[in-house]
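In the working numbering, the protein residues as written are 628 to 1184. Cβ atoms here follow ideal geometry from the backbone N, Cα and C, with glycine treated the same way. Report on one structure; see the data block that follows.
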């Protein structure tokens, strides 16, 4: 707003004492001070209100006015309540420095002037920003994006004094203001994402307000430009893929126009998100083609040809064929008919990005396909190194979920599960089929564990014991009954302790001496018991196959 508009507002009780030629200056804010040097609190463009408590004598006016001018203040308004008329020395100092000076009648509170200026300036800024947002929206829908989300967030900071960040549903920082204040810590990003997902799943109306570390944030969903809350059949279809806008402000008392403006900003960011989503089509198609070839049992040469096409897209500039890992993910919802594949695909594309990386670009090298309710990722590795313990580096199952577990658990609420499996690295097309099966089996291992978000890696598949959770219950019962029930019945009738003897014999790797010592038996007594076990079950404990059957039966019982 301009100074002339202030002077024309009778309710403010302002009287011009100097600066008639400067009334077209713009006021961008208001500040009340009685400090001798308020420079640290000035940013330029303010109307400064003062009660003159800083003035002890006439000599104080010149340095005070000089400081205001140096800091770019638009005008000074002095109250008459303390000293009566505004001192002549202050009028003279303002005239020398061409600083407009107003007198404020003693009946007018500074708060009245402050409220009027803030209301007028905010309204004008909102109008200006709305015009900018509309212009950017038209530009982005008709041509290439002009700077992405960062440009929009900088506009929010410069035109509405609002700091804001764009976050992924896992809490990764997509974009933030470049020129205002410290960065948002990763822990705060994760907490805000979790709060947003919780609010969305419980049906709370946006914006969601969150108090975090003494600061209030308002969270706005960023939905696809082609989808509204009314067109989405179920929030669970997109809750794990939508971005969010976190604004450092309490939107609870905002006017409807201001809220509409922020929703317009989210739509503008959504245009950019949809553009990047469309760019993933090529990578998704490459992954889908490779997956279909692997599952159809195609010749390794044919698969290798598709990998040669995929490598430059996923790892531009790489001269040699990379190693590959396969990651399989699945999202299951209790009692809901929701196609899990696309949900898991979008989520896996986000999870596979380094959680410490910022911006949308890192996800542009992730190729994820989906089939049925599974999402399957081809992860290119420029090189695979070997650690001191002989294990290979690459994508690790636990590390994938370490930083995203809390937000995802909030999004899954009490009716969803994410399970994820990771294969070992392979260096050729021949190894991809085995890597796919390995990743799928690792995911089944993860699914057998408790918790909403679980993962397992290839390193955990070294023991046959991990196969046991996947044996159907009826098969387990029949297998153990056939082998162990005759021994249990005999023990009940004769107190022969054949089951404990069998466990000890297997635990001692079939060593007669060690087993007899453990059970405090003579070797001949042990031989008699083992013979009775073999007679009752028609098995031979000198045979590896029969030993393994007994071992598994004991583990499953």
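(message) According to DSSP, is residue 845 part of a helix, a strand, or is it coil?
(response) The answer is strand: DSSP assigns residue 845 an E or B state.
(request) Return the Cβ separation of residue 1045 and residue 1080 in integer angstroms, given the expectation that the two are a contact with Cβ distance under 8 Å. (result) Right, their Cβ atoms sit about 5 Å apart.
(message) What residue range does the alpha helix (DSSP H) around residue 1120 cover?
(response) Residues 1100 to 1121.
(request) Determine the extent of the alpha helix (DSSP H) in which residue 924 is found, giving its start and end residues. (result) Looking at the DSSP string, residue 924 is not in any alpha helix (DSSP H), and its letter there is neither H nor E.
(request) Enumerate in chain order the residues of its own chain whose CB-to-CB distance from residue 968 is below 7 Å, with the five nearest sequence positions on each side excluded. (result) Here the set comprises 997, 998, 999, 1000, 1001 and 1002.
(message) So for residue 832, helix, strand or coil by DSSP?
(response) In the three-state scheme derived from DSSP, where H, G and I count as helix and E and B as strand, residue 832 is classed as coil.
(request) Report buried or exposed for residue 887, applying the criterion of at least 16 other Cβ atoms within 10 angstroms of its Cβ. (result) Residue 887 is exposed by the Cβ-count criterion.
(message) What would DSSP say about residue 799, mapped onto helix, strand or coil?
(response) When secondary structure is reduced to three states using DSSP, residue 799 falls in the coil class, being assigned neither helix nor strand.
(message) Rounded to the nearest angstrom, what separates residue 714 and residue 747 at their Cα positions?
(response) Computed Cα separation, rounded: 30 Å.
(request) Between the Cα of residue 848 and those of 889, 1150, 779 and 884, spot the shortest distance and give me the residue it belongs to. (result) Nearest C-alpha to residue 848: 889.
(message) Helix, strand or coil, according to DSSP, for residue 1127 in the structure here?
(response) In the structure shown, residue 1127 sits in a helix (DSSP, three-state: H, G or I).
(message) Using C-beta distances below 6 Å, list every residue in its chain close to residue 956, excluding the 5 sequence neighbours before and after it, in chain order.
(response) Around residue 956: 971, 975, 1002 and 1047.
(request) Assign residue 1164 to buried or exposed, taking buried as 16 or more other Cβ atoms, counted over all protein chains shown, within 10 Å of its Cβ. (result) Flag for residue 1164 reads buried.
(request) Decide if residue 884 is buried, meaning its Cβ has at least 16 other Cβ atoms within 10 Å, or exposed. (result) By the beta-carbon neighbour count (other beta carbons within 10 angstroms, threshold 16), residue 884 is exposed.
(request) Output the residue ranges of the beta strand (DSSP E) runs that lie fully inside the stretch 686 to 758 and measure 3 residues or longer, sorted by chain position. (result) DSSP runs (the beta strand (DSSP E)) wholly in the stretch 686 to 758: 702 to 706 and 728 to 731.
(request) Assign residue 767 to one of two classes, buried (16 or more other C-beta atoms within 10 Å of its C-beta) or exposed (fewer than that). (result) With a pLDDT of only 45 at residue 767, under the threshold of 50, the placement of this residue in the model should not be trusted; the figure read from the coordinates follows. The residue in question, residue 767, is buried, as its Cβ has 16 or more Cβ neighbours within 10 Å.
(request) Locate the beta strand (DSSP E) running through residue 656, then write down its first and last residues. (result) According to the DSSP assignment, residue 656 belongs to the beta strand (DSSP E) that extends over 656 to 659.
(request) Give me the Cβ distance between residue 678 and residue 706, rounded to the nearest whole Å; I'm assuming they're in contact under 8 Å. (result) Going by Cβ atoms, the distance from residue 678 to residue 706 rounds to 5 Å, so yes, they are a contact pair.
(request) Take every Cβ of the stretch 818 to 832, pair it with every Cβ of the stretch 916 to 926, and state whether three or more of those distances are shorter than 8 Å. (result) As far as the Cβ criterion goes, the stretch 818 to 832 does not touch the stretch 916 to 926, which means the pair count is below three.
(message) Judging by CA-CA distance, which residue of 1049, 935 and 693 is the nearest neighbour of residue 1069?
(response) The option with the nearest alpha carbon to residue 1069 is 1049.
(request) State the Cα-Cα distance for the pair residue 1087 and residue 1065, rounded to the nearest angstrom. (result) In this structure, the CA atom of residue 1087 is about 11 Å from the CA atom of residue 1065.
(request) Any chance you could list the beta strand (DSSP E) runs of at least 3 consecutive residues sitting entirely within the stretch 1012 to 1086, in chain order? (result) Complete beta strand (DSSP E) runs here, min 3: 1043 to 1049 and 1080 to 1084.
(message) Quick check on residue 1174: does DSSP put it in helix, strand or coil?
(response) Correct three-state label for residue 1174: helix.
(message) Pop quiz: residue 646 and residue 728 are said to be a contact at Cβ under 8 Å. What is the actual Cβ separation, rounded to whole angstroms?
(response) The pair is a contact, with the Cβ atoms about 6 Å apart (cut-off 8 Å).
(message) Across the stretch 781 to 790 and the stretch 683 to 690, are there enough close Cβ pairs to call them in contact, namely three or more that are closer than 8 Å?
(response) Contact between the stretch 781 to 790 and the stretch 683 to 690 is absent, with fewer than three C-beta pairs closer than 8 Å.
(request) With DSSP as the reference, label residue 856 as helix, strand or coil. (result) Reliability of the predicted coordinates at residue 856 is poor, the pLDDT of 44 falling under 50, and the value obtained from them is presented with this limitation in mind. Of the three classes helix, strand and coil, the one that applies to residue 856 here is coil, per DSSP.
(message) Just to confirm before moving on: does the CB-CB distance between residue 803 and residue 810 stay below 8 Å?
(response) Their beta carbons are under 8 Å apart, which means residue 803 touches residue 810 by this criterion.
(message) So the candidates are 794, 835, 1152 and 1057; which of them puts its Cα closest to the Cα of residue 926?
(response) Selected option, being the one with the closest Cα: 1057.
(message) At the level of alpha carbons, what is the spacing between residue 1155 and residue 1133?
(response) Whole-angstrom Cα-Cα distance: 16 Å.
(message) So, for residue 1142: in the same chain, excluding its five sequence neighbours on each side, which residues have a beta-carbon less than 7 Å away from its beta-carbon?
(response) Contacts found: 1131, 1132, 1135 and 1153.
(message) Taking 6 Å as the limit between beta carbons, can you name the residues of its chain near residue 1015, skipping five residues before and five after?
(response) Bear in mind that the predicted position of residue 1015 carries a pLDDT of just 42, short of 50, making it unreliable; the figure below should be weighed with that in mind. None.
(message) By the three-class DSSP mapping on this structure, what secondary structure does residue 1185 have?
(response) Absent from the model: residue 1185. The displayed extent of the chain is 628 to 1184, so no value can be given.
(message) To the nearest angstrom, how far is the alpha carbon of residue 1104 from that of residue 1085?
(response) If you take the alpha carbons of residue 1104 and residue 1085, they lie about 29 Å apart.
(request) Specify, as a first and last residue, the run of the beta strand (DSSP E) that residue 1008 falls within. (result) Counting along the chain, residue 1008 sits inside the beta strand (DSSP E) bounded by residues 1001 to 1008.
(request) Using the Cα positions of residue 740 and residue 653, report the straight-line distance between them to the nearest angstrom. (result) Computed Cα separation, rounded: 16 Å.
(request) Would you check if the stretch 831 to 847 and the stretch 860 to 880 touch, i.e. whether three or more CB-CB distances between them fall below 8 Å? (result) Yes, they touch.
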